[in-house]
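Residue numbers (the numbering used here), protein chains in the order written: chain A, 13 to 606; chain B, 74 to 693. Every residue gets a Cβ at the ideal spot worked out from N, C-alpha and C, and that includes glycine. Comments concern the structure below.
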Amino acid sequence: MTADDTAAIDPTDPGFPVAGRGTVRRYLRAALRRERRATARVIGFFGLASVAGLVGPQVLGQVVSEAAGSDHDLGRVELAAAIFAVALVVQGVAATAASRQAGHLTARLLARLRGDFVGAVLALPLGVVERAGTGELQTRASSDVEQLTWSVRQAAPQMVVAIAQVVAIVIAILVTAPLLGLVLLPTVPLLVAGTRWYLKRARSGYERTMATWDVTNARVQETAAGGRTIETFRLARRRIAQVDGDIADWIAAERYTLRLRTIYFPLTEACYVVPLVLALLVGGFLHADGRLSVAAVTAAVLYVQLLISPVDTVLSYLDELQLGTASLGRLLGVREVEAPPLTTVEPTGTHVVARDVRYAYRPGHDVLHGVDLAPRRGSRVVLVGPSGAGKSTLALLLTGVHGPRTGYVRVGGVDAHSLPPDRLRSEIVLVTQEYHVFNGMLRENLALSAPGASDDDLVRALDVVGARPLLERLPEGLDTVLGPGAVQLSPGESQQLALARLVLQDPHTLVLDEATALLDPRAARDLERSLARVLEGRTVISVAHRLDVARDADHVLVIDGGRVVEEGTHDQLLSAGGSYAALWRSWQGAAASG
Amino acid sequence: MLALPLSDPGVPETRSPGRFLLWCARSQARVLATGSTFGVVWMVSQAMIPLALGAGLGAILHRSKHEIVLWSLVVLALGLLQAVAGVLRHRRAIASFLICASRVQQLIARTATALGGDLARRVATGEVANIGASDIERVGEALDVVARFAGGVVSYTVVAIVLLVVSPPLGAIVVLGVPLAVLAVVPVLRPLERRQTAERDRRSEASSIASDTVTGLRVLRGLGGEQVFARRYDRASGKVAAASVRTANLQALLDGAQVLLPGAIVVAVTWVGAHLAVDRSISAGELVAFYASAAFLVIPMQTFVEAASKWTAAVVAARRIVAILTMERHMPAGDVAACGEGPSGDLVDEETGVRIAPGTMTAVVPSTPEEGTELLERLGRWTSPGPGFQVRWGDVPVVTLPLEWYRAHVVMLERSPFHLRGIVREVLAPVDATDATDAVDDADATDPTDAADATDATAATDATDAGSDLGTGAAGRRSSTARSPRLTMTEALDAAQASEVVTSLPAELDTHLPEQWRTLSGGQRQRLSLSQALLADPDVLLLDDPTSAVDAHTEAAIAEALASVRRGRTTVVTTTSPLVAEQADLVVVLEGRARTAGRHEQLLEADPAYEAQVLRGGAR
């Protein structure tokens, strides 16, 4: 996917909950329990491979001691080599099987997790989506899923293999030469302390590295995409300075993590070599004193050397695993969004009433101060007023997206925001200026609300919204794929599409919030007319910025500062001589209104 | 490490991708050389550890405590040496990466800004995104791997010589066997990579469905269709799982082979070595050294394979980078300073006959939005007029003016411009002396007289179009002294009715706006963007339907303020709103050509078609 908006360094808006460690652990445990057999097979094969891998040093120890001895038994040498060969084959086969099984298991686990996440997203309450926005969900759907995929597909199996190897090797050392096991001990605390020190700083360090790199990239990409804006406002030199500034930030972040590694890497390397040296030294002395066979010393030294690689793997994947757990927490968090209590009460009738509605986005800052609205069935109500007056908020309340702080909005006697979404949308539907064309066929884009609609229905709906020319322009008609990488619709056409969906949905009450604002005025006018014909008998509440729409309405509400300041028919408002009348006069121009 | 970003990324060699990579390498030869030196010390000391271990075990067999201590110290010294050399190598490798990656970013950014609006026309912007997302890293990695490659070559050679000297037959098994074992899996790598790519493609398909679903969530939850989208995602997710399984199957074979093949060499070494050791052709310690060396040599061999694949990938990546870097813009050269404050007289679009008088506000009411946009694009020099037509400024064809000068004096605000991310305050700030690309602004200060004399006669000599050109040249040319003082940010925001947009933002002027100002509504974006254009304060401002997304109350306020803050400057605004037209000095009605022109009130009275066009209700 594109770099899109991953680049904003601002801290992620905690709009959605993040699942706690307990939930994550429970989820993983349940998932593995469902895959009990597969999990057992994976661990079994990895274990077998690790044990088979222990044979080599033992064989070499035997051979060395055989060679060093005076009476050579070639038969025993041959036997040892043959055992080594067999063990190798076992190790290879077990490693293949384990890797294969792990791949299959993780593919299933991830598929299930992705499904669970998208399912939870699709069940989010409308009000939550409206408030929190989709930006953060977007991040979860893309980067968290990616991170988790990486952690589960790569880090987790590597970790399991490495841990199996470490355990097997340590046991082998203890069995071969128990005393030599002691050589491992001195470096353990150092390794643990060093790793903790590093991990504590590494995570934020690498996050900053990635974020600053993304910012740099996004800026360069934007410089290409926004070339015209840059040229228009002559920002070239400023852009170059900004890119250089972004690079400086990125380099600073890289320098920080490099400093961490400059300390941590040599430390771990030293921790790896010291046990090897000690094994050689102590083992040698023990042998010299006749307390340990040469075969045991050889095997133990080789085991200690063999230990380096898996320990290193464990340490380097710890971080990945941590990141994966964090991503899983964010994905599972979406399931913890609290849904408002829904009612099973059926609405009776189709009357929409708003009474003394107050609403605040932030506590103590009401944006609506006691609005009343009770449109007559089948009437056309228009809301006008300056930006920020609360028109759009009222539209959200009327359609049950949010519940009012006080007062009520009822549809057929039932609180709108407590109706289940699929029930609500058959009663009242909101269409706003914000449109979305799904990446898919035109047919799929239309039939969202009416999966059973016939082609004729779809074409008729397109007709109503004046999108016939669009349909004819499309190479494959209803089957034309829309969206990025396919046919792109203009904002105006997208809005027509949104309205066609509405026509197919056919609720008894419609709330249109600037739903034709992106069309050119003439097309908007035509669309509104033909929409009005189809919507005969439906109640239409529209927020409009063109006053001529208000003129044709049955009822006009002028909203200012969260209150209804004037209301009535167009003519009543004109004769009242208030702000509406003044605006209308300037709209009409002195000559026309005279 | 060098001071980064470089103050000057240099002039790249772009004749071929390979030459470009070599140029990058040459430009940072020092870092590569020191990195390689550390790489050699690092790898050779690692290579010596198995040999020292072998010698140590030999000492143990002799039960010589003195020698045991000696060889243990040697192993310790080698281990510490490789740790220190390793991290120094790592630091140089990262420096190589950073220098290269930041240099390429700088080069791309410089090319992109030089191309301006041209770039988007010539390549899909996704291509530039790809360069940022992967190509730059590929090129950086090619330089990162150099130090390890050098270490690999030397250590392999050293170990090979030592082993061959100690025991030619056993040495031959190791020196030839290990490369064979490592290279044997190479044929699997390509198909594996294909499957990984397929898996990644399926993943990104699923991810784009997820992201499409999330973006359209309001629609889905408001109108329905959740089940359809859930199923759609499940299908895509199922394909991801199937692709993962296919990758896993091949990956498993590779994992197995990587155990078995080098393992077979070790078994062979053990078996043959055992015989040689029993025969006393080699010592037992040497056998251990061979055993451990066979395991070690896998590392340099894998580095060789890695380097080869990274270098191949880098050439592919460099090809895409070079394709961007070699783009040039053909701009007519011209002496910017000599333009002074430019020609005098009306700005005329011959194609439509629209004539813009300097210092006035003209509203153009087009019959379709496209028609209005095309007019402004021609006036703003974003497209060329049709064959046989010109855009003239007085009697000077605008194409003869240096584009750089033109951009500084004529600004067009698009209907839906690309909004650059950033802090509001910085986004709005107009270019000034500190970041203007040149001294264009200073050109205003030069003596205007010579230019004025040359162009004063235009209106009269303009015989061909005089009959059809509408509008008035009578307003004449206003001298630059009539220029209103520059607007403050507050004034511009107030004029565009955008102050309340700013106060509604979490950190007001210090709020960070994302790309395309996605966090704002259409109306908010439009108002903020208008403030940006007003702040730029050009001599000629072309506004393409700047109030299409705002309500009537706001529109009325903007139109009024626009007339006032642009007083004395030239403003052309396309619109269909009577509230905007009312404020204009002149309204031009466009239908293919300029059909009629006059003040709004005059036209309302005289022209019923105009009345119908701007007052939609009136036509019924």
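Who are the near neighbours of residue i in its chain, counting only those whose CB is closer than 8 Å to its CB and skipping five residues on each side?
i                : result
Gln179 (chain B) : Pro78, Leu79, Pro82
Val413 (chain A) : Leu138, Gly139, Glu142, His429, Leu442
Ala459 (chain A) : Ala465, Leu470, Leu516
Can you give me the Cβ contacts of residue i inside the same chain, cut-off strictly under 6 Å, excluding the 5 residues immediately before and after it?
i                : result
Tyr447 (chain A) : Ser506, Gln507, Ala510
Leu161 (chain B) : Phe111
Thr320 (chain B) : Arg268, Gln269, Glu272
Pro619 (chain B) : Leu603
Ala330 (chain B) : Val258
Within 7 Å of any Cβ in chain B, is that where the Cβ of residue i sits?
i                : result
Asn451 (chain A) : yes
Gln103 (chain A) : yes
His84 (chain A)  : yes
Val383 (chain A) : no
Phe28 (chain A)  : no
His567 (chain A) : no
Gly425 (chain A) : no
Leu245 (chain A) : The question names Leu, but residue 245 (chain A) in the sequence shown is Phe. It does: the Cβ of Phe245 (chain A) has a partner Cβ on chain B nearer than 7 Å.
Pro359 (chain A) : no
Arg485 (chain A) : no
Gly115 (chain A) : yes
Asn229 (chain A) : yes
Phe58 (chain A)  : no
Ser598 (chain A) : yes
Gln233 (chain A) : yes
Can you confirm whether residue i, when its beta carbon is compared against all beta carbons of chain A, has any partner nearer than 7 Å?
i                : result
Thr288 (chain B) : yes
Thr669 (chain B) : no
Arg183 (chain B) : yes
Trp344 (chain B) : yes
Ser572 (chain B) : no
Lys138 (chain B) : yes
Pro490 (chain B) : yes
Ala533 (chain B) : Confidence in Ala533 (chain B) is poor, its pLDDT being 35 and thus under 50, which makes the residue's placement too unreliable to answer from.
Less than 7 Å between the beta carbons of residue i and residue j, yes or no?
i                : j                : result
Ala291 (chain A) : Val326 (chain A) : no
Ala367 (chain B) : Val339 (chain B) : yes
Gly289 (chain B) : Gln445 (chain A) : no
Gly189 (chain B) : Gly239 (chain A) : yes
Ile571 (chain A) : Val393 (chain A) : no
Ser587 (chain A) : Gln517 (chain A) : no
Glu332 (chain A) : Ser111 (chain A) : no
Leu94 (chain B)  : Ala391 (chain B) : yes
Val546 (chain A) : Glu526 (chain A) : no
Ala654 (chain B) : His673 (chain B) : yes
For residue i, collect the residues of the same chain with a Cβ closer than 7 Å to its Cβ; drop the 5 residues on either side in sequence, then sort them by chain order.
i                : result
Val231 (chain B) : Val117, Ala120
Gly478 (chain A) : Gln508, Ala535, Asp538, Leu539, Ser542
Val232 (chain A) : Val255
Counting only Cβ-Cβ distances shorter than 9 Å, please list the residues of the region 636 to 660 of chain B near chain A, keeping chain order. Thr649, Ser650, Pro651, Leu652, Ala654, Glu655
Contact set between the region 147 to 161 of chain A and chain B, restricted to residues whose Cβ is under 9 Å from the partner: Per Cβ criterion, the list reads Gly147, Leu149, Gln150, Arg152, Ala153, Ser154, Val157, Glu158, Thr161.
For the region 417 to 436 of chain B against the region 658 to 678 of chain B, are there 3 or more C-beta pairs whose distance is under 8 Å? yes
Measuring CB atoms only, is the region 209 to 220 of chain A touching the region 330 to 346 of chain A, in the sense that at least three cross pairs come out at less than 8 Å? yes
For the structure I just gave you, are there three or more beta carbon pairs, one from the region 615 to 633 of chain B and one from the region 477 to 497 of chain B, closer than 8 Å? yes
Check whether the region 102 to 110 of chain B touches the region 329 to 347 of chain B, counting contact only when three or more Cβ pairs, one atom from each stretch, lie closer than 8 Å. no
If contact is defined by three or more beta carbon pairs under 8 Å, each pair taking one atom from either stretch, is the region 104 to 124 of chain A in contact with the region 54 to 68 of chain A? yes
Segment contact flag, the region 155 to 171 of chain A with the region 339 to 357 of chain A, C-beta cutoff 8 Å, min 3 pairs: yes
Chain B contacts from the region 202 to 217 of chain A (Cβ-Cβ distance under 7 Å): none
Using a Cβ-Cβ cutoff of 8 Å, what residues of the region 294 to 326 of chain A are near chain B? List them in chain order. Gly295, Gly296, Phe297, His299, Ala300, Val306, Val309, Thr310, Val313, Leu314, Gln317
Meets three-Cβ-pair contact criterion under 8 Å: the region 166 to 177 of chain A and the region 256 to 273 of chain A: no
With a cut-off of 8 Å, do at least 3 Cβ pairs link the region 356 to 369 of chain A to the region 380 to 396 of chain A? yes
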